[in-house]
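Okay, structure first, notes after.
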Amino acid sequence: METESKILKSMDEKTKYLTPIFGSEASDTQMPLDKMNEEPVEPRLAYEMIKEYLSIEGNATQNLTTFCQTYMEPMATKIMAETMEKNAIDKDEYPMTADLENRCVAMIGNLWNADPSEEPMGTSTVGSSEACMLGGLGMLFRWKKLAKAAGINIYSERRPNLVISSGYQVCWEKFCRYWDIEMRLVPLEKDHLSLNMDTVMDYVDEYTIGITAILGITYTGKFDDVEKLDELVEAYNQKHTDLPIRIHVDGASGAMVAPFVDPDLKWDFRLKNVWSINTSGHKYGLVYPGIGWVIWRSKEALPEDLIFWVSYLGGEEATMAINFSRSASQIVGQYYVLMRNGFNGYKEIQQRTLDVARYLAAEIKDMGIFEIYEDASNIPIVCWGLKDDADVSWSLYDLSDRLRMSGWLVPAYPMPKDMEDTTVQRVVARQDFSMQLAIKLVEDMKKEINTLKNAKFVTGNTQGVINTGFNHGGRAAVDKAADVQSSQTKEAK
Ligand SMILES: *Cc1c(COP(=O)(O)O)cnc(C)c1O
9 METESKILKS MDEKTKYLTP IFGSEASDTQ MPLDKMNEEP VEPRLAYEMI
59 KEYLSIEGNA TQNLTTFCQT YMEPMATKIM AETMEKNAID KDEYPMTADL
109 ENRCVAMIGN LWNADPSEEP MGTSTVGSSE ACMLGGLGML FRWKKLAKAA
159 GINIYSERRP NLVISSGYQV CWEKFCRYWD IEMRLVPLEK DHLSLNMDTV
209 MDYVDEYTIG ITAILGITYT GKFDDVEKLD ELVEAYNQKH TDLPIRIHVD
259 GASGAMVAPF VDPDLKWDFR LKNVWSINTS GHKYGLVYPG IGWVIWRSKE
309 ALPEDLIFWV SYLGGEEATM AINFSRSASQ IVGQYYVLMR NGFNGYKEIQ
359 QRTLDVARYL AAEIKDMGIF EIYEDASNIP IVCWGLKDDA DVSWSLYDLS
409 DRLRMSGWLV PAYPMPKDME DTTVQRVVAR QDFSMQLAIK LVEDMKKEIN
459 TLKNAKFVTG NTQGVINTGF NHGGRAAVDK AADVQSSQTK EAK
């Protein structure tokens, strides 16, 4: 304790006297470490010092790891900043804000081909994690009710299960752990980098609460074939009328891309057994974090147990979010971008982003040593590995390291369970990743590959993990990351 407080004291002194902002009082101001300062500081100083402290952590545009929005235009951030004080849950006090949320649900439901006559229901959330939790709970409550009616002992030792591919995002693991549900993983394989339609139904039984299809597997960007899945599920349901299976689509990234660039692809409420869908408003919904959406196809699809009533305009309004208080500014931001861009604006942004990603994929393929796993065929994601015969003495982790020298964050990571031996690297292109930047990234990649080729000494980090900044899901990645006290691996994006 003694030494610890000494160290802290000396840290305090360092932060106090070594801030050379000329002509200001900053050199006298301390950035609090573990205890509040006694005295207030002037707002401008607090601003400058915190801003400077944060400024060195890399720039968001070059962070090609994250799916999250890193750009919004000034008018969008203005209206968001101006609505930060509104509490989204106070629907009675802020009825106009509540109205904008309902409009967003209706517009997004319309994009996903919900039928208004079926009375689709939905809500904003903090992100897809909360939205998936709700989608999962919807499945669980529905199963419980049907299973009880079918005479199945829902309190037996046997746990209910959820069927999903091993490329799931970590939020599904949370859902299953929190609610004591068995996660039935359909493995990804080299020739099945999405949910395997040949085997998926083998995992289903009367304890299955539902199947989650992923529109945009976090690891690779690939889409599960939801249309095919719906066919398989329909055939199953014909034979199991008392306990039909329904599908939840985790469209965190893809559900705000597909409707614009591939409207003929059937993955949404056009399919009979798709009962709920989620997306992240802060991914390709084009809003800063954190906002997400979950929508059920009909009133019937949303179990009543999930609905709570709050007062609203002298009446009552349904709420099903898990969180209570949070700022309404993201909802306002979502409404702003939906209104500002319109369908064609969104389409153009998503298409341009795809074009840049496809250019990048073509260039990386041309380098000759990489196997392309995903070339932005569905969402603007490029994913590659080293060819078996690439004959290089460095790994993708080394390349990832080298690219950091020019500020690029391009993670390398192992594929999920059953494919852990395959290492991949991934770029998530977003609207602020322009063609100019893609050209620069290709140049930098070529330069760094050349450096690695000529290097006499390579760091030799072929085990991965140590330098990977990727923890978007999968037990393998999570388990391995737990061993490594890297601050990057702990950060979920
Ligand atoms: C990002 C992601 C999530 C989690 O979304 P958040 O909005 O970050 O909570 C869930 N599922 C998939 C497929 C994702 O890509």
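Following the numbering used here, the numbering of the sequence shown begins with 9 at its first residue and continues without gaps.
Every residue, glycine too, gets a C-beta built ideally from N, C-alpha and C.
None of these values were measured; they are calculated from a predicted model.
Is any heavy atom of ligand 1 found at a distance shorter than 7 Å from the C-beta of Gln-177?
Numbered from 1 along the sequence shown, position 169 holds the residue referred to as residue 177. Result yes, Cβ under 7 Å from ligand 1.
Return yes when the C-beta of Gly-300 is under 7 Å from any heavy atom of ligand 2, and no when it is not.
Here the bound small molecules are ligand 1; ligand 2 is not part of this structure.
Comparing alpha-carbon positions, which option in Leu-368, Leu-310, Ser-335 lies nearest Leu-142?
Along the sequence shown, one-based indexing puts residue 142 at 134. Ranking Leu-368, Leu-310, Ser-335 by Cα distance to Leu-142 puts Leu-310 first.
Mapping the DSSP letters down to three states, classify Trp-301 as helix, strand or coil.
If you number the sequence shown from 1, residue 301 lands on position 293. DSSP places Trp-301 in strand when its eight states are reduced to three.
How long is the line joining the alpha carbons of Tyr-320 and Gly-393, rounded to whole angstroms?
Taking the sequence shown and counting its residues from 1, one reaches residue 320 at position 312. Taking the sequence shown and counting its residues from 1, one reaches residue 393 at position 385. Distance between the alpha carbons of Tyr-320 and Gly-393: 53 Å.
Less than 8 Å between the beta carbons of Ala-384 and Leu-362, yes or no?
Taking the sequence shown and counting its residues from 1, the one referred to as residue 384 is at position 376. Taking the sequence shown and counting its residues from 1, the one referred to as residue 362 is at position 354. Against a cut-off of 8 Å, the Cβ pair of Leu-362 and Ala-384 comes out as a contact.
Less than 6 Å between C-beta atoms, sequence neighbours within five positions excluded: which residues of the same chain meet that for Pro-267?
Here residue 267 refers to the residue found at position 259 when the sequence shown is read from its first residue. Excluding sequence neighbours, Pro-267 sits near Leu-119.
Any heavy atom of ligand 1 closer than 7 Å to the beta-carbon of Ser-137?
Here the question's residue 137 lines up with position 129 in the sequence shown. Yes, since a heavy atom of ligand 1 falls inside the 7 Å radius drawn around the Cβ of Ser-137.
Leu-145 to Leu-314, Cα distance in whole Å?
Residue mapping note: residue 145 aligns to position 137 of the sequence shown, counting from 1. Residue mapping note: residue 314 aligns to position 306 of the sequence shown, counting from 1. Using only the alpha carbons, I get a separation of about 8 Å.
Which value, in whole angstroms, describes the spacing of the CA atoms of Lys-274 and Trp-283?
Looking up residue 274 in the sequence shown gives position 266. Looking up residue 283 in the sequence shown gives position 275. Cα to Cα, Lys-274 sits roughly 14 Å from Trp-283.
Beta-carbon proximity of Gly-229 to Ile-387, cut-off 8 Å:
Translated into positions along the sequence shown, residue 229 becomes position 221. Translated into positions along the sequence shown, residue 387 becomes position 379. Yes; because the gap between Cβ atoms is below 8 Å, this pair is in contact.
Ligand 1 and Ile-222: does any heavy atom of the ligand fall closer than 7 Å to the residue's C-beta?
Within the sequence shown, residue 222 is the residue found at index 214, counting from 1. Flag set: Cβ of Ile-222 near ligand 1.
Would you say Pro-112 touches ligand 1, meaning its beta carbon is less than 7 Å from a heavy atom?
Here residue 112 is taken as the residue at index 104 of the sequence shown, counted from 1. Per the sequence shown, the amino acid found at residue 112 is Cys instead of Pro. Not under cutoff, so the answer is no.
Give me, in chain order, the residues of the same chain whose beta-carbon lies closer than 7 Å to that of Ile-377; leave out the 5 immediate sequence neighbours on both sides.
Taking the sequence shown and counting its residues from 1, one reaches residue 377 at position 369. Taken in chain order, the residues that qualify are Leu-394, Lys-395, Ala-398, Val-400.
Express the C-alpha separation of Gln-246 and Ile-474 in angstroms, rounding to a whole number.
Reading the sequence shown from its first residue, position 466 is the one you call residue 474. Reading the sequence shown from its first residue, position 238 is the one you call residue 246. Residue confidence is low: Ile-474 scores 41 on pLDDT, short of 50, so the model does not pin down where it sits. No coordinate-derived value is stated.
Closest to Tyr-292 by C-alpha separation, out of Glu-138, Glu-50, Gln-439, would be which residue?
Residue 292 sits at position 284 when you count from the first residue of the sequence shown. Taking only the C-alpha atoms, the option nearest Tyr-292 is Gln-439.
Using 8 Å as the threshold, is the C-beta distance between Val-212 and Ala-221 below it?
Position 204 of the sequence shown, counted from the start, is the residue given in the question as residue 212. Position 213 of the sequence shown, counted from the start, is the residue given in the question as residue 221. Cβ atoms of Val-212 and Ala-221: not closer than 8 Å.
How is Gly-393 classed by DSSP in three states: helix, strand or coil?
Mapped onto the sequence shown, residue 393 falls at position 385. Gly-393 falls in the strand class under three-state DSSP.
So the beta strand (DSSP E) Ile-380 belongs to, where does it begin and stop?
Walking along the sequence shown from the start, residue 380 turns up at place 372. Element bounds for Ile-380: 378-383.
Using DSSP bridges, identify the partner residues of Arg-192.
Here residue 192 is taken as the residue at index 184 of the sequence shown, counted from 1. DSSP, once it has assigned bridges, lists Val-171 as partnering Arg-192.
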